[in-house]
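Reading through the structure tokens given below for one structure.
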Amino acid sequence: MEQSNRDIRYKRIFQAFHQNHVRLFYHFAARYVDDTEVVRDIVQDAFISVWQRMEEFENEEHIKAFIYKTIRNRSMNYLRDKQVEQKHREKLSLLQHEEEFQEHILEEEAYDYLCRKIEQLPEMQKKVIWLHVDGLSNEEIARELNITVNTVLTHKQRARAILKKYLNDSSDILFLALIFSI
Amino acid sequence: MNTDYEYRRIVKCGDLLKKYFDGELTSSERRELARWLWEERRNREFFQRLCRQTSLKTYYASWRKIDPLKEYDLLERRMIGKTKKRRLLVWRWAAVVSFLFLSSIGWYLFRTAETETSPVVSDRKDLFSAVLKTSDGKVIYLDGNKESVFQLESRGVHVSDSLKELVYQTPLTEDSLIWHQLDIPRGGEYKLVLSDGTQVWLNSESTIRFPVSFARESREISVTGEVYLEVVHDTLRPFRVKAGEGCVEVLGTAFGMTVYPLDSIWSTTLVQGSVRASWGDQSRVLMPHRKVFVKGGELLEKEVDVENELGWVQGIFVFEHEPLEEVVKKLERWYDVEFRFNDDKLRKYLFTGKVSRDVGIKQILELMERMNIVSFEQKENFILIKEKAGHF
Numbered sequence: 009m010e011q012s013n014r015d016i017r018y019k020r021i022f023q024a025f026h027q028n029h030v031r032l033f034y035h036f037a038a039r040y041v042d043d044t045e046v047v048r049d050i051v052q053d054a055f056i057s058v059w060q061r062m063e064e065f066e067n068e069e070h071i072k073a074f075i076y077k078t079i080r081n082r083s084m085n086y087l088r089d090k091q092v093e094q095k096h097r098e099k100l101s102l103l104q105h106e107e108e109f110q111e112h113i114l115e116e117e118a119y120d121y122l123c124r125k126i127e128q129l130p131e132m133q134k135k136v137i138w139l140h141v142d143g144l145s146n147e148e149i150a151r152e153l154n155i156t157v158n159t160v161l162t163h164k165q166r167a168r169a170i171l172k173k174y175l176n177d178s179s180d181i182l183f184l185a186l187i188f189s190i
Numbered sequence: 006m007n008t009d010y011e012y013r014r015i016v017k018c019g020d021l022l023k024k025y026f027d028g029e030l031t032s033s034e035r036r037e038l039a040r041w042l043w044e045e046r047r048n049r050e051f052f053q054r055l056c057r058q059t060s061l062k063t064y065y066a067s068w069r070k071i072d073p074l075k076e077y078d079l080l081e082r083r084m085i086g087k088t089k090k091r092r093l094l095v096w097r098w099a100a101v102v103s104f105l106f107l108s109s110i111g112w113y114l115f116r117t118a119e120t121e122t123s124p125v126v127s128d129r130k131d132l133f134s135a136v137l138k139t140s141d142g143k144v145i146y147l148d149g150n151k152e153s154v155f156q157l158e159s160r161g162v163h164v165s166d167s168l169k170e171l172v173y174q175t176p177l178t179e180d181s182l183i184w185h186q187l188d189i190p191r192g193g194e195y196k197l198v199l200s201d202g203t204q205v206w207l208n209s210e211s212t213i214r215f216p217v218s219f220a221r222e223s224r225e226i227s228v229t230g231e232v233y234l235e236v237v238h239d240t241l242r243p244f245r246v247k248a249g250e251g252c253v254e255v256l257g258t259a260f261g262m263t264v265y266p267l268d269s270i271w272s273t274t275l276v277q278g279s280v281r282a283s284w285g286d287q288s289r290v291l292m293p294h295r296k297v298f299v300k301g302g303e304l305l306e307k308e309v310d311v312e313n314e315l316g317w318v319q320g321i322f323v324f325e326h327e328p329l330e331e332v333v334k335k336l337e338r339w340y341d342v343e344f345r346f347n348d349d350k351l352r353k354y355l356f357t358g359k360v361s362r363d364v365g366i367k368q369i370l371e372l373m374e375r376m377n378i379v380s381f382e383q384k385e386n387f388i389l390i391k392e393k394a395g396h397f
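Going down the list, the protein sequences come from chains A and B.
Numbering follows our numbering, with no gaps: position 45 of the first sequence is 53.
Numbering follows our numbering, with no gaps: position 31 of the second sequence is 36.
Here it is in structure tokens:
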């Protein structure tokens with residue numbers, strides 16, 4: 009009885025958690041490890057460890073902390089073996105440096121948060137932004153989506169306004185710079 | 006730093022930052038963030054750098070390229086690969102046990118110890134787990150996608166992202182009630198938290214109609230299908246569940262109901278507290294661990310094992326001397342498949358057994374085949390139940 013209960017409930021939580029955070033952790037691991045297959049391995053290992061001890065976690069925060077720790081340890085192991093190369097040595101030292109490491113996590117969390125907000129934009133605005141981040145000019149975007157340049161600009165403007173609204177209360181001038189880079 | 010506490014503190018800080026961006030900080034969280042910023046100059050510098058960042062563009066471009074569904078698929082494949090050997094052993098063990106119990110009519114699936122099980126890929130169709138109909142006629146498919154979540158959040162309904170769960174946190178209203186209806190299709194399962202905090206678990210093919218927020222003097226909902234309720238105690242506002250021709254009235258308690266008007270099935274099983282169950286003009290006050298049910302137009306009562314009765318809430322099928330036709334009905338609802346009998350006498354064949362609902366239907370059928378006199382044959386859009394050749 010206990011067993012099946014665990015399976016069905018935890019599986020859901022686990023899957024939802026994975027869907028919500030896998031991109032965050034990929035990016036985090038990719039900071040230190042440049043081989044994408046190794047990144048995938050490391051992230052998968054971390055998730056498997058989570059699955060094996062689901063009952064130990066109190067909340068999402070707790071799972072996240074555990075994954076960050078696991079990814080850090082695995083990345084360090086990987087980099088230690090590759091120390092002959094300068095770039096790997098540098099990344100290893102980033103991981104070993106407590107404050108740097110702490111800032112990386114916070115930065116990843118903030119970025120991930122904004123990316124999710126972008127994903128929630130209306131379809132057309134999202135498409136415009138996708139093409140924009142792919143490096144297309146307004147004219148190219150217009151051609152691609154079969155709309156006028158003016159419409160492209162309107163979509164960009166609206167997207168900006170919506171993203172700004174997410175940050176309504178913070179009204180932080182500095183923070184807006186981040187949004188306008190889009 | 007290498008302690009769990011430190012890691013959790015960082016994650017907590019990340020949360021505070023996000024809430025800050027959202028403008029959702031409570032005053033105590035604002036103080037906490039301020040404290041973190043003041044703690045060290047380094048933190049303040051970092052925060053400003055973060056705010057000035059301009060590399061979101063490149064970050065988003067690569068973030069978007071990661072497909073969570075595909076990644077989950079890969080992860081699951083790896084998890085299953087890892088434990089394949091162990092699961093084969095389990096099956097062999099199950100086979101040995103089945104041999105020992107050959108004379109009994111039961112079938113059991115034994116599971117490995119907790120840490121050793123891997124999640125099993127279920128072959129259930131799981132496109133959306135519920136459909137919500139609002140008072141203004143809007144239909145929202147709850148398939149976990151962001152659009153539907155968004156629509157609901159703007160209506161004051163909270164959607165938990167980790168469970169298939171809706172939470173209504175609407176204030177008490179003086180106005181007329183606004184009714185919502187939640188339909189759980191075959192293969193679905195859902196949990197709902199009503200505005201008074203009462204929790205409702207809904208099994209496949211169930212429907213609940215409920216007000217977005219309850220009235221001052223009473224709480225009333227209506228259900229069909231299979232539900233389990235944990236009602237929040239409120240002496241001033243009795244809780245009434247209308248179900249087909251019957252009704253259950255409670256103050257605060259936990260109980261399950263099975264209501265399938267088409268199959269003339271109506272029952273209520275009490276876990277704790279007390280309820281008054283009425284059906285037509287008959288009514289009974291029920292004690293815990295007892296079940297009241299309708300048979301031949303009469304309201305009857307008996308003692309039951311509530312864990313078995315309400316196994317589905319825990320994610321398991323429990324069959325106790327249950328006719329095969331009832332067993333396959335449950336499988337039909339959960340796996341969204343259809344069974345047909347090629348011989349009607351098989352319908353009354355009795356089954357006993359417990360099995361996790363997370364196991365795929367193929368595995369369940371295999372086990373049933375191995376331990377019983379029936380065999381299953383997959384046809385184009387139904388599964389045919391036949392007598393096992395050479396059994397008699």
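We treat Cβ as the ideally placed atom computed from N, Cα and C, and that holds for glycine.
- A check of alpha carbon separations from V311 of chain B across B:D72, B:S380, B:F324 identifies B:F324 as the nearest.
- Here P216 of chain B is buried: its Cβ has 16 or more other Cβ atoms, across all protein chains shown, within 10 Å.
- Counting of Cβ neighbours within 10 angstroms places A169 of chain A among the exposed residues, the total staying below 16.
- Using a C-beta cut-off of 8 Å, the segment 22-36 of chain A makes no contact with the segment 325-339 of chain B, since fewer than three inter-stretch Cβ pairs fall below that distance.
- Under the DSSP assignment, I155 of chain A falls outside any beta strand (DSSP E); it carries neither an H nor an E label.
- Contact between G320 of chain B and R88 of chain A fails: their C-beta atoms lie close to 43 Å from each other, not under 8 Å.
- When DSSP states are grouped into helix, strand and coil, E306 of chain B belongs to the strand group.
- The contact set of Y65 of chain B on chain A, defined by CB atoms closer than 7 Å, consists of C123, I126, V141 in chain order.
- R39 of chain A has a beta carbon lying at 8 Å or more from every beta carbon in chain B.
- The beta-carbon distance between L315 of chain B and T274 of chain B, rounded to whole angstroms, is 6 Å. This is short enough to meet the 8 Å contact definition.
- The beta carbon of I71 of chain A sits closer than 7 Å to the beta carbons of F25, V58, F65 from its chain, once the five residues preceding and following it are set aside; these are given in chain order.
- In the DSSP assignment, A73 of chain A falls within the unbroken alpha helix (DSSP H) covering 68-89.
- The beta carbon of V47 of chain A does not come within 8 Å of any beta carbon belonging to chain B, so the residue lies off that interface.
- Residue range 131-141 is occupied by the alpha helix (DSSP H) that includes Q133 of chain A.
- When DSSP assignments are scanned along the segment 188-266 of chain B, the uninterrupted stretches of beta strand (DSSP E) that are 3 or more residues long and fall wholly within it turn out to be 195-198, 204-207, 211-216, 224-235, 244-248, 251-255, 259-265.
- Between the alpha carbons of P190 of chain B and Q287 of chain B lies a gap of roughly 31 Å.
- In terms of Cβ geometry, H326 of chain B and E308 of chain B do not form a close pair [threshold 8 Å].
- Close to H96 of chain A, with beta-carbon spacing below 7 Å, lies no residue of chain B; the smallest spacing is near 21 Å.
- Under DSSP, the beta-bridge partners assigned to G358 of chain B are B:F324.
- Identification of residues in the segment 104-120 of chain A having a C-beta nearer than 9 Å to some C-beta of chain B yields E106, E107, F109, Q110, E111, I113, L114, E115, E116, E117, A118, Y119, D120, given in sequence order.
- The residues V136, L137, K138, in chain order, have a CB closer than 8 Å to that of V144 of chain B in the same chain once the five nearest residues on each side in sequence are set aside.
- Look at T274 of chain B here: in three-state DSSP terms it is strand.
- In the displayed model, Q128 of chain A falls within coil according to three-state DSSP, outside both helix and strand.
- A distance below 8 Å between beta-carbons, with the five flanking residues on each side excluded, links L305 of chain B to the following residues of its chain, in chain order: V297, F298, V299.
- Judged by DSSP secondary structure, V299 of chain B falls within the beta strand (DSSP E) whose first and last residues are 295-300.
- Within the segment 25-60 of chain A, the complete alpha helix (DSSP H) runs of at least 4 residues fall at 44-60.
- F55 of chain A reaches chain B at L80, counting residues in chain order whose Cβ is nearer than 7 Å.
- Distance from the Cα of R80 of chain A is smallest, within the candidate group A:V92, A:T162, A:L153, A:L103, for A:L103.
- Taking a Cβ-Cβ threshold of 7 Å, the residues of chain A close to E76 of chain B are V30, in chain order.
- Residues of chain B with a Cβ closer than 8 Å to the Cβ of A73 of chain A are, in chain order, D9, Y12, R13, I15, V16.
- Per DSSP, the unbroken beta strand (DSSP E) holding K138 of chain B starts and ends at 135-138.
- Bounds of any alpha helix (DSSP H) do not take in V318 of chain B, whose DSSP letter is neither H nor E.
- Bounds of the alpha helix (DSSP H) holding S101 of chain A are 94-104.
- For L144 of chain A, same chain residues with a beta-carbon under 8 Å away, outside a window of 5 residues either side, are E152 in chain order.
- In the structure shown, E343 of chain B falls within a coil segment according to DSSP collapsed to helix, strand and coil.
- About 45 Å separates the CB atoms of A73 of chain A and R245 of chain B; that is not less than 8 Å, and the two are not in contact.
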